[in-house]
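Notes follow the structure.
Shown next as structure tokens:
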């Protein structure tokens, strides 16, 4: 068998998350595997760098898949990329495939991941952004939100921001960077967006969305920036903010 490393992107708006599940709507994994298996004429399992929830997007997702050597010989990586894109829906696009080392694992070998969450603070939201940024017209104190985000850096127990049905063995993660910044979109319409960038060695289920909702609580004046270190110490889920909507969250970059 030959192990392939796949780089792709997707719009998660109409998918029930990444992971294949029974008795649910379409998932990205199921959609990807069905097309890949059709091309390979054998069952192909695609293992991603990690799951994304329903409605979450990926600018960059990485996965690995094992295929028979005979198939790899007759289907070069560039040709396979084109073949997959011809069968996948427009909301999923493969942009590179390469051969990986036999022991490479898309999830276990991750060193850093970056997620970006977009908030649209404008009075009126452009229609083309409604599925990709949380529209919040509330006045927010971005300086306070950045001060609060600074407390996230380091190795901490993030159980306060973890979904109750996660089932993970440990809720300790290391965050290398967390900050808000203003960006301007380019193209046929220019608009102001606020982007929360967070880089870590791993993330818990709904962790980033829980953090964003809590930072919005702080930005709205309902808590001080010191709430973040208190939550990291106590793990009190009841004191966090709302879980931010999924559609504003993007898996942005992965490093191995």
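Numbering (the working numbering), first residue to last: 375 to 630. Cβ atoms here follow ideal geometry from the backbone N, Cα and C, with glycine treated the same way. Note that this is a predicted model, so its numbers are computed, not measured.
Presumed contact (8 Å Cβ cut-off) between residue i and residue j, rounded CB distance
i           : j           : result
residue 438 : residue 480 : 4 Å
residue 551 : residue 573 : 4 Å
residue 519 : residue 628 : Wrong, their Cβ atoms sit about 25 Å apart, outside the cutoff.
residue 378 : residue 471 : 6 Å
Proximity of residue i and residue j at Cβ, strictly below 8 Å
i           : j           : result
residue 405 : residue 620 : no
residue 434 : residue 387 : no
residue 549 : residue 517 : no
residue 441 : residue 380 : no
residue 490 : residue 626 : yes
residue 618 : residue 492 : no
Residue from the options whose Cα sits closest to the Cα of residue i
i           : options               : result
residue 521 : 513, 544, 553 and 490 : 553
residue 389 : 377, 376, 403 and 378 : 403
residue 423 : 590, 576 and 400      : 576
Residue i (DSSP reduced to helix, strand or coil)
i           : result
residue 403 : helix
residue 518 : helix
residue 534 : helix
residue 574 : strand
residue 631 : With the chain covering only 375 through 630, there is no way to say anything about residue 631.
Backbone CA spacing between residue i and residue j [nearest angstrom]
i           : j           : result
residue 320 : residue 398 : No information on residue 320 is available, as it lies outside the stretch 375 to 630 that the chain covers here.
residue 407 : residue 417 : 8 Å
residue 512 : residue 614 : 18 Å
residue 475 : residue 394 : 25 Å
residue 555 : residue 538 : 30 Å
residue 643 : residue 624 : Because residue 643 is not part of the residues shown, which for the chain are 375 to 630, the question remains open.
residue 601 : residue 547 : 18 Å
residue 412 : residue 432 : 24 Å
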